[in-house]
Amino acid sequence: MSSARALRLPGSVAEVKASPPGPKIGAFFDLDGTLVAGFTGVILTQEQFRRREMGIGDLVGMIQAGLNHQLGRLEFEDLITSASKVMRGRSITDMDEVGERLFRTKIESRIYPEMRELVRAHLDRGHTVCLSSSALTIQVEPVARFLGIPNTLTNRFELDDDGVLTGGIVRPILWGPGKANAVQKFAAERGIDLKDSYFYADGNEDVALMYLVGNPRPTNPEGKMAAVARQRGWPILKFTSRGGPGLTGTIKALAGVGAAVPIAAGAVGWGLLTRSRRRGVNFFTGNWGQLLLAASGVQLNVLGRENLTAQRPAVFIFNHRNNFDPVITSALVKDNYTGVGKKELESDPIAGTLGKLMDAVFIDRDDTESAVAALKQVEDLTRKGLSIVIAPEGTRLDTTTVGPFKKGPFRLAMAAGIPIVPVVIRNAEAIGSRDSTLMNPGTVDVAVFPPISVQDWTVDDLGDRIAGIRQLYLDTLADWPVEELPSVQPYLLPAGEKPKKAAKKAARKAPAKKAAKKAPVKKVAAEKAPAEKVAAKKTAAKKAPKKAPVKKTGPVVAEADDTGQGQP
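Numbering-wise (our numbering), the sequence shown opens with residue 7 and increments by one.
The structure is reproduced here in structure tokens:
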């Protein structure tokens, strides 16, 4: 049992998972500052100006209106109407496309992973989940679809009969009391008990709505909301995983990247001094990744650290979320490793240079003959004592689950006769989205399992073997270990064999069979043997249905495809 699940802290996923199920409990989420870091309205305005869909006069007017609203000189209704007037004359279809494009390019990466997990937890409990925001539909609906939120309460453009924006907003406008009224009406129509419901929001205008629910959850609050939350003892949720590391964080991160130069110089010097190029490379790989993580404020909470050096060389496999989990894995492996990359990276000034320094292999996936020769080169490197760090999913996945595993890394381990070491990374998305280039501070949990031998693996059972390893990742992420790692043995058996736990249950039933053998009817020894054989056959026949197959559900580092080739 994980510590979070045991504590069930207010505002945690564990709390939601332990809450009563059913649609009579509502979970209401604000958008800006709550689900998404920053303000989508500002992002929309910037994008419109950048694409010349807004003139300089309109931009100045929007900025002035925003400042006046912040200073209390302009009501929100006037602010949102001013924004709508800028888009007057455009079709709603065009605006929906603008919203989708904005979400894909600017907003998706700003969604807090912690809030994403909370939304999923409420949905899993069968709660009525609603995204209630004062933003416009083009800002709200793409986020709701992405998170799987079925209900939205949001401001809408006023349209004419042809679906063209008139420049107005449909009344009543959702803001402050208007938004609270809309939520109460929504709840009444669906039989939702607000006293058992949840509300997540950051803005001062939502304080009134916090009073209406039994489980107020101020999220990243400031000003009045933060003051009221502290005064009333409401649990406050604060997230820093999105929105950029800020000026200080950026300077630290750049310092970490810049440290590559003196470390590389030191590596060259150490290599010359010891007359060993590999020792120089190890000096670099053993220091730069750790320094980069430390400079960015990233800490690693590692279980099974001893397994990193239990057996070398090995194929270290990790689940791939963003640009930083390869750095995390490399920082843990430290030395005597290399990777596999696509041919295009060879000409990259950073990845190509580091890759060549580390003896990385660059594969042209369009040239089969060249790819096979390159993989032979990788095998030769493992025979020289080098480990391989590789992502079996083959690409970065914006998900908290695990994608399908490619066969390449496992075939490579079989060909080289070296073990697989599973490295399970729990929450790399907390320090950066899929395409982030700078890390946010945070703690990443990592579980390193013992080396898994592939000596008895065959091509015929490879699919089931890989499925077992993947299931280890799924189960570990679903129930994160706290003090010690679970046994990997149940995941290693090939298809057709009974797991150890099931075998123990069968052993408990053995006394009943012994009692049957003691029956006095069987007087002749010659008759006894056939009877025992028949019983054995029957027992095997009963067990057969239970024999189900295993459930399927920086440095250059490989992302595998089925041939062992890397992908970006």
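Just so it is clear, CB atoms sit at the ideal spot from N, CA and C, and this is done for glycine as well.
{"query": "Pop quiz: Q145 and T46 are said to be a contact at Cβ under 8 Å. What is the actual Cβ separation, rounded to whole angstroms?", "result": "4 Å"}
{"query": "Could you give the distance in angstroms between the alpha-carbon of D386 and the alpha-carbon of A419?", "result": "12 Å"}
{"query": "With H, G and I counted as helix, E and B as strand and the rest as coil, what does DSSP make of Y204?", "result": "strand"}
{"query": "Identify whether L15 lies in helix, strand or coil by the three-state DSSP scheme.", "result": "coil"}
{"query": "Quick one: using the 10 Å Cβ neighbour count with 16 as the cut-off for buried, is D485 buried or exposed?", "result": "exposed"}
{"query": "Between the C-alpha atoms of V213 and A33, what's the straight-line distance to the nearest angstrom?", "result": "16 Å"}
{"query": "Between the Cα of G184 and those of N161, V125, L200 and K30, spot the shortest distance and give me the residue it belongs to.", "result": "N161"}
{"query": "Could you check what DSSP says for F82 in three-state terms: helix, strand or coil?", "result": "helix"}
{"query": "Around the Cβ of F455, are there at least 16 other Cβ atoms within 10 angstroms (buried) or fewer (exposed)?", "result": "buried"}
{"query": "Measuring straight from C-alpha to C-alpha, what distance separates G105 and R223?", "result": "28 Å"}
{"query": "Can you give me the start and stop residues for the beta strand (DSSP E) that R223 sits inside?", "result": "N221 to P224"}
{"query": "Write down the C-beta distance between L309 and L483 rounded to the nearest angstrom, noting that I regard them as a contact closer than 8 Å.", "result": "Going by Cβ atoms, the distance from L309 to L483 rounds to 13 Å, so no, they are not a contact pair."}
{"query": "Can you tell which of K112, S138, M231 and G474 has its C-alpha closest to the C-alpha of K191?", "result": "S138"}
{"query": "For T134, which beta-bridge partners are listed by DSSP?", "result": "G32"}
{"query": "Do the CB positions of N307 and V452 come within less than 9 Å of each other?", "result": "yes"}
{"query": "Would you identify the three-state DSSP class for T449, choosing helix, strand or coil?", "result": "strand"}
{"query": "Look at the alpha carbon of V450 and the alpha carbon of E350, and state the distance between them as a whole number of angstroms.", "result": "30 Å"}
{"query": "Reducing DSSP to helix, strand and coil, say where A141 ends up.", "result": "strand"}
{"query": "What are the partner residues of L309, as DSSP defines its beta bridges?", "result": "A453"}
{"query": "Assuming V135 and P156 form a contact by the criterion Cβ under 8 Å, report the distance between their Cβ atoms to the nearest whole angstrom.", "result": "7 Å"}
{"query": "So F6 packs on A397, CB below 8 Å; how close in whole Å?", "result": "In the structure as shown, the chain starts at 7 and stops at 574, and residue 6 therefore has no counterpart that could be examined."}
{"query": "State the start and end residues of the unbroken alpha helix (DSSP H) segment that holds N187.", "result": "P183 to R196"}
{"query": "Quick one: grab the DSSP three-state call for I98.", "result": "helix"}
{"query": "Measure the C-alpha to C-alpha separation of A20 and W240 and round it to an integer number of angstroms.", "result": "17 Å"}
{"query": "Between the alpha carbons of G255 and L297, how many angstroms are there, rounded?", "result": "Confidence is the limiting factor: at G255 the pLDDT is only 47, short of 50, which leaves the residue's position unreliable, though a coordinate-based value still follows. About 14 Å."}
{"query": "Cα separation between T388 and A320?", "result": "8 Å"}
{"query": "Excluding five sequence neighbours on each side, which residues of the same chain lie with their C-beta closer than 8 Å to the C-beta of A141?", "result": "L37, D38, T46, G47, T160 and N161"}
{"query": "Give me the Cβ distance between S203 and N221, rounded to the nearest whole Å; I'm assuming they're in contact under 8 Å.", "result": "7 Å"}
{"query": "Using the rule of at least 16 other Cβ atoms within 10 Å of the residue's Cβ for burial, across every protein chain shown, is R110 buried or exposed?", "result": "exposed"}
{"query": "Helix, strand or coil for A532? Go by DSSP, reduced to three states.", "result": "Interpretation of A532 is limited by its pLDDT of 36, a score under 50 that renders its predicted location unreliable; the figure taken from the coordinates is listed afterwards. Three-state DSSP puts A532 in a helix."}
{"query": "Tell me N161's beta-bridge partners as DSSP assigns them.", "result": "L142"}
{"query": "How far does the beta strand (DSSP E) with S393 in it reach, from first residue to last?", "result": "S393 to A397"}
{"query": "With hydrogens ignored, establish whether the beta-carbon of S459 is closer than 8 Å to any heavy atom of the ligand ZN.", "result": "The ligand ZN is absent from the structure shown, which contains no ligand whatsoever."}
{"query": "Return no unless some Cβ of chain E is closer than 9 Å to the Cβ of T46.", "result": "Of the protein chains in this structure there is only one, and it is not chain E."}
{"query": "Anyone know if the C-beta pair for E164 and S90 falls short of 9 Å?", "result": "yes"}
{"query": "Counting C-beta neighbours from all protein chains within 10 Å, is the total for Y217 16 or more, i.e. buried, or is it exposed?", "result": "exposed"}
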